[in-house]
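Asks:
Protein chains: 6
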Amino acid sequence: MSSRLNEFRSYRTRMNDRIAQIDHLGIKRFFNLDGAAYKEGALDAKTKELLGLTASAVLRCNDCIDYHILQCVEAGWTDAEIYDALNVALVVGGSIVIPHLRHAVETIDLVRAEAAGDT
Amino acid sequence: MSSRLNEFRSYRTRMNDRIAQIDHLGIKRFFNLDGAAYKEGALDAKTKELLGLTASAVLRCNDCIDYHILQCVEAGWTDAEIYDALNVALVVGGSIVIPHLRHAVETIDLVRAEAAGDT
Amino acid sequence: MSSRLNEFRSYRTRMNDRIAQIDHLGIKRFFNLDGAAYKEGALDAKTKELLGLTASAVLRCNDCIDYHILQCVEAGWTDAEIYDALNVALVVGGSIVIPHLRHAVETIDLVRAEAAGDT
Amino acid sequence: MSSRLNEFRSYRTRMNDRIAQIDHLGIKRFFNLDGAAYKEGALDAKTKELLGLTASAVLRCNDCIDYHILQCVEAGWTDAEIYDALNVALVVGGSIVIPHLRHAVETIDLVRAEAAGDT
Amino acid sequence: MSSRLNEFRSYRTRMNDRIAQIDHLGIKRFFNLDGAAYKEGALDAKTKELLGLTASAVLRCNDCIDYHILQCVEAGWTDAEIYDALNVALVVGGSIVIPHLRHAVETIDLVRAEAAGDT
Amino acid sequence: MSSRLNEFRSYRTRMNDRIAQIDHLGIKRFFNLDGAAYKEGALDAKTKELLGLTASAVLRCNDCIDYHILQCVEAGWTDAEIYDALNVALVVGGSIVIPHLRHAVETIDLVRAEAAGDT
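Now the structure itself:
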């Protein structure tokens, strides 16, 4: 049942590897900058992942939502805390966010089922 | 010099009061829901303001950015922490966010100058 | 052939039920507010569904488009009227809306085929 | 007090005239197509203006909102009906629409004051 | 392996044909205007396709990206040049564009494999 | 009459200088990356400025439009060529781009008047 998560992970890894082969310094630097944005700084890395999830939700990008949910769970955010962040995104972004809320809630359930060995 | 902040505050208050006079239950309930989204829940109110600021920045809304900066400062976030959140917004949202980063940084400076009595 | 519509309906119902189990007052209230926005008010419910469809089209959300087409057809809008609304969305939103126009026209055809028992 | 409306009208007219001088068939045709989208068709012109307003509000364009409010008032929509359309836009588009709701409500008031000779 | 391209092409053709059957002058004219925008003018057609690709990437529309990549390759742009345009889109639009960059790079690879008879 | 351009330039310079004082490596690196994206690469710098303008227009950012028009003029693009790029943006992005087209055309006129010493 978590095949959706695995498909996402393998496609993401495969294409990131493919992009890493491209000889373009700007693209490489952008990926580095993107990774660095979520490292501990004035804000801790855990908080930044929640910012990334909220930004992804209001911009309505399912792949970005999935990535940041995986990171948020790994960083130790509880489901209730993630739902609370998604509620901020819902109120800011409106009902057009609802299909992405459905996707996000399904992803959270898949991640938890996977962690419980219930895959 | 903080006349920009005062203009923002007075326009916002005046029009929110005007909207409150409108006899439309849906609009009233939306404003209540909006206010409630930033109250203490599974996440504390301080974290939620930072989520609101990041969402406002990637959606490129100066008025929303100004409102959430005022709230973030009141909630106790330092400049360095707010810059770190804005950096996440910049990386997620791209260079199209830069004009709003300029606005945000100016707003932070105005808020601090105001607090220092330097208005 | 209308399996796409049925998949959409069953996923939407399943995930809305799942979200309804989440203990978050803000999310529950948002869903109520969303439902209420399309009820008879100063504008009749039929007109509001067309507004919802047009908003969904310019914001380029296929799930939202499908939902509002189902509602528009149920409310009694003809295909010609729905196309005319989609044309407004196309002109306002530009050629980036075209993939969603394709999706919308396909959905209308699926809904009509379904109603004709031609599934 | 309606100087904001007059500024909008004169800038819009001046720049549309300037654009009309540009020797570019595509731009000319786009403006014609835009005008034609709001003419009586399967839907009446009045309904289409409300669609245009809702689309402008969720896409958060103040100039477009002002233009369509002027058209909606001329087409005979009441304030209560326009507020009801703006509520749909608010729920679909979220709190990020609120600054544009403030602007829209102010514009409606300016248009009504102007019509009442109270300028 | 290029079944994704073929599915895209056949769905696009099928639905464009279906839309062409709709008796709506505005929609027909919009499609004509869209086609005309990429013809030789003050700018040559090749440059315009690259503009179309960049616009599609920052607006995050995979179908539009696929269409313009097909056109860009046909117009003679090399992979390195297309990557350079996508880098502009990435910097302007931010990390939210990354899932679409993955899609775009995969599409370029599929188009090249197809041309090499390696399908 | 080109006071609008001068205001834009001085605000942009002042706030970029202010942002440069902020001790945040990520923000500094983003600005560098942004500058680098428009340098000669597989594509020449002139072409990239036109891509930047088109992206700015469909994303509806007046400050970004102004910046790229200044760069496009400096890079040697003629008015007719810039209009042709803006037409692509108009068709891709729809009538919601029109207020930004007005702004862009005014900016082009201001830049040309300035160059002619007619300020």
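Chains as they are written, first to last, in my numbering: chain A, 1 to 119; chain B, 1 to 119; chain C, 1 to 119; chain D, 1 to 119; chain E, 1 to 119; chain F, 1 to 119.
Beta carbons are placed, not taken as given, at the ideal position from N, Cα and C, and that holds for glycine.
Would you mind reading off the limits of the alpha helix (DSSP H) that contains residue 96(D)?
Replies: Sequence index remark: in the fourth sequence, residue 96(D) carries index 96 (1-based). Note, residue 96(D): premise wrong, no alpha helix (DSSP H); not H, not E.
Asks: Would you mind telling me which residues of chain B sit closer than 7 Å to residue 63(F), beta carbon to beta carbon, in chain order?
Replies: The residue labelled residue 63(F) in the question sits at position 63 within the sixth sequence. By Cβ distance, chain B contributes 99.
Asks: Using a cut-off of 9 Å between C-beta atoms, extract the partners of residue 95(D) located in chain A.
Replies: Within the fourth sequence, numbered from 1, the residue matching residue 95(D) stands at position 95. Going along chain A in sequence order, the residues near residue 95(D) (Cβ under 9 Å) are 91, 92, 93 and 94.
Asks: Please decide whether residue 1(B) counts as near chain A, where near means a Cβ-Cβ distance under 8 Å.
Replies: The residue given as residue 1(B) occupies position 1 in the second sequence. Because residue 1(B) sits at a pLDDT of 48, beneath the cut-off of 50, its placement in the model cannot be relied upon, and the point is left open.
Asks: Would residue 48(D) be called buried (16 or more neighbouring beta carbons within 10 Å of its own) or exposed?
Replies: Locating residue 48(D) in the fourth sequence gives position 48, counting from the first residue. Counting Cβ neighbours within 10 Å, residue 48(D) comes out buried, since at least 16 surround it.
Asks: For residue 16(D), which residues from the same chain have a beta carbon less than 6 Å from its beta carbon, with the 5 sequence-adjacent residues on both sides left out?
Replies: Position 16 of the fourth sequence, counting from 1, holds the residue named residue 16(D). Contacts found: none.
Asks: Along the stretch 27–42 of chain E, where does the CB come closer than 7 Å to a CB of chain D? Name the residues.
Replies: Within the stretch 27–42 of chain E, the qualifying residues are 29, 30, 33, 36 and 37.
Asks: Report the neighbours of residue 19(B) on chain D: residues whose CB is nearer than 8 Å to its CB, in chain order.
Replies: On the second sequence, position 19 is the one that residue 19(B) refers to. In chain order: 101, 102 and 105.
Asks: Starting from the Cα of residue 11(D), find the closest Cα among 105(F), 112(F) and 53(F) and give me that residue.
Replies: As a first step, residue 11(D) must be located in the fourth sequence, where it is residue number 11. Answer by Cα proximity: 105(F).
Asks: Could you check whether residue 94(F) and residue 91(C) sit closer than 8 Å to each other, using their CB atoms as the reference points?
Replies: Along the third sequence, one-based indexing puts residue 91(C) at 91. Along the sixth sequence, one-based indexing puts residue 94(F) at 94. Cβ distance < 8 Å, so residue 91(C) and residue 94(F) count as in contact.
Asks: Where in the stretch 13–87 of chain D do unbroken runs of the alpha helix (DSSP H), each at least 4 residues long, occur, reported from the N-terminal end onward?
Replies: Listed in chain order, they are 25–36, 45–58 and 62–75.
Asks: I'd like to check one pair, residue 80(F) with residue 37(E): are the Cβ atoms closer than 8 Å?
Replies: Taking the fifth sequence and counting its residues from 1, one reaches residue 37(E) at position 37. Taking the sixth sequence and counting its residues from 1, one reaches residue 80(F) at position 80. Contact flag unset, no.
Asks: Taking 8 Å as the threshold (beta carbon to beta carbon), is residue 69(F) in contact with chain B?
Replies: Taking the sixth sequence and counting its residues from 1, one reaches residue 69(F) at position 69. Output row for residue 69(F): interface = no.
Asks: Do residue 87(A) and residue 27(C) have their C-beta atoms within less than 8 Å of each other?
Replies: Stepping through the first sequence from its first residue, residue 87(A) is reached at position 87. Stepping through the third sequence from its first residue, residue 27(C) is reached at position 27. Result yes, Cβ atoms of residue 87(A) and residue 27(C) sit closer than 8 Å.
Asks: Please report whether the beta-carbon of residue 87(A) lies at a distance below 8 Å from any beta-carbon of chain B.
Replies: By 1-based counting over the first sequence, the position of residue 87(A) is 87. Yes, its Cβ sits closer than 8 Å to a Cβ of chain B.
Asks: Using a C-beta to C-beta distance shorter than 8 Å, which residues of chain A count as neighbours of residue 52(B)?
Replies: Counted from its first residue, the second sequence places residue 52(B) at position 52. By Cβ distance, chain A contributes 88 and 92.
Asks: Kindly list the residues whose CB is nearer than 8 Å to the CB of residue 96(D), restricted to its own chain and excluding five residues on each side of it in sequence; keep chain order.
Replies: As a working note, residue 96(D) is residue 96 in the fourth sequence. Here the set comprises 60.
Asks: Please decide whether residue 5(F) counts as near chain B, where near means a Cβ-Cβ distance under 8 Å.
Replies: Within the sixth sequence, residue 5(F) is the residue found at index 5, counting from 1. Not one chain B Cβ lies under 8 Å of residue 5(F).
Asks: At a Cβ threshold of 8 Å, is residue 84(A) touching chain C?
Replies: For the purposes of this step, residue 84(A) is identified with residue 84 of the first sequence, where counting begins at 1. Judged by the 8 Å Cβ criterion, residue 84(A) is in contact with chain C.
Asks: Please tell me whether residue 54(E) and residue 51(F) are closer than 8 Å, where the distance is taken between their beta carbons.
Replies: Taking the fifth sequence and counting its residues from 1, one reaches residue 54(E) at position 54. Taking the sixth sequence and counting its residues from 1, one reaches residue 51(F) at position 51. Yes; because the gap between Cβ atoms is below 8 Å, this pair is in contact.
Asks: Consider the Cβ of residue 109(F): report whether some Cβ of chain E lies at a distance smaller than 8 Å.
Replies: In the sixth sequence, the residue the question calls residue 109(F) occupies position 109. So no, residue 109(F) is outside the interface.
Asks: I want to see whether chain B comes within less than 8 Å of residue 59(A), judged by CB atoms only; does it?
Replies: Locating residue 59(A) in the first sequence gives position 59, counting from the first residue. With 8 Å as the cut-off, residue 59(A) counts as an interface residue toward chain B.
Asks: Taking 8 Å as the threshold (beta carbon to beta carbon), is residue 112(D) in contact with chain F?
Replies: As a first step, residue 112(D) is located in the fourth sequence; it is residue number 112 there, counting from the start. No, its Cβ sits nowhere closer than 8 Å to a Cβ of chain F.
Asks: With a threshold of 16 other CB atoms inside 10 Å of the CB of residue 56(F), please say whether the residue is buried or exposed.
Replies: Along the sixth sequence, one-based indexing puts residue 56(F) at 56. The residue in question, residue 56(F), is buried, as its Cβ has 16 or more Cβ neighbours within 10 Å.
Asks: Considering only C-alpha positions, which residue in the set 24(F), 33(F), 32(F) and 8(F) is nearest to residue 39(A)?
Replies: Position 39 of the first sequence holds residue 39(A). Minimum Cα distance to residue 39(A) is reached at 24(F).
Asks: Using C-beta distances below 6 Å, list every residue in its chain close to residue 66(E), excluding the 5 sequence neighbours before and after it, in chain order.
Replies: Position 66 of the fifth sequence, counted from the start, is the residue given in the question as residue 66(E). The residues are 8 and 107.
Asks: If you draw a straight line from the C-alpha of residue 82(E) to the C-alpha of residue 83(F), how long is it?
Replies: Locating residue 82(E) in the fifth sequence gives position 82, counting from the first residue. Locating residue 83(F) in the sixth sequence gives position 83, counting from the first residue. Those two C-alpha atoms are separated by around 23 Å.
Asks: How many angstroms separate the CA atom of residue 89(D) from the CA atom of residue 30(C)?
Replies: Counting from one through the fourth sequence, the residue named residue 89(D) turns up at place 89. Counting from one through the third sequence, the residue named residue 30(C) turns up at place 30. Going from the Cα of residue 89(D) to the Cα of residue 30(C) covers about 14 Å.
Asks: What's the C-alpha gap between residue 78(A) and residue 5(E)?
Replies: Along the first sequence, read from residue 1 onward, the residue named residue 78(A) stands at position 78. Along the fifth sequence, read from residue 1 onward, the residue named residue 5(E) stands at position 5. Spanning the two alpha carbons is a distance of roughly 41 Å.
Asks: For residue 116(E), does the three-state DSSP call read helix, strand or coil?
Replies: As a working note, residue 116(E) is residue 116 in the fifth sequence. Three-state DSSP puts residue 116(E) in coil, outside helix and strand.
Asks: For residue 80(B), return the contacting residues in chain A, with the cut-off set at a CB-CB distance below 9 Å.
Replies: For the purposes of this step, residue 80(B) is taken as the residue at position 80 of the second sequence. Neighbours of residue 80(B) on chain A, chain order: 41, 42 and 43.
Asks: Residue 69(C): which of 99(C), 45(C), 33(C) and 111(C) sits nearest, CA to CA?
Replies: Indexing the third sequence from 1 puts residue 69(C) at position 69. Per the Cα distances, 111(C).
Asks: What would DSSP say about residue 1(E), mapped onto helix, strand or coil?
Replies: In the fifth sequence, residue 1(E) corresponds to position 1, counting from 1. Caution is warranted here: a pLDDT of 48 is assigned to residue 1(E), below 50, making its placement in the model unreliable, and the coordinate value is therefore given only provisionally. Residue state, collapsed to three classes: coil.
Asks: Mind pulling the chain B residues with CB within less than 7 Å of residue 48(A)?
Replies: As a first step, residue 48(A) is located in the first sequence; it is residue number 48 there, counting from the start. Ordered by position in chain B, the residues that pass the 7 Å Cβ test against residue 48(A) are 88.
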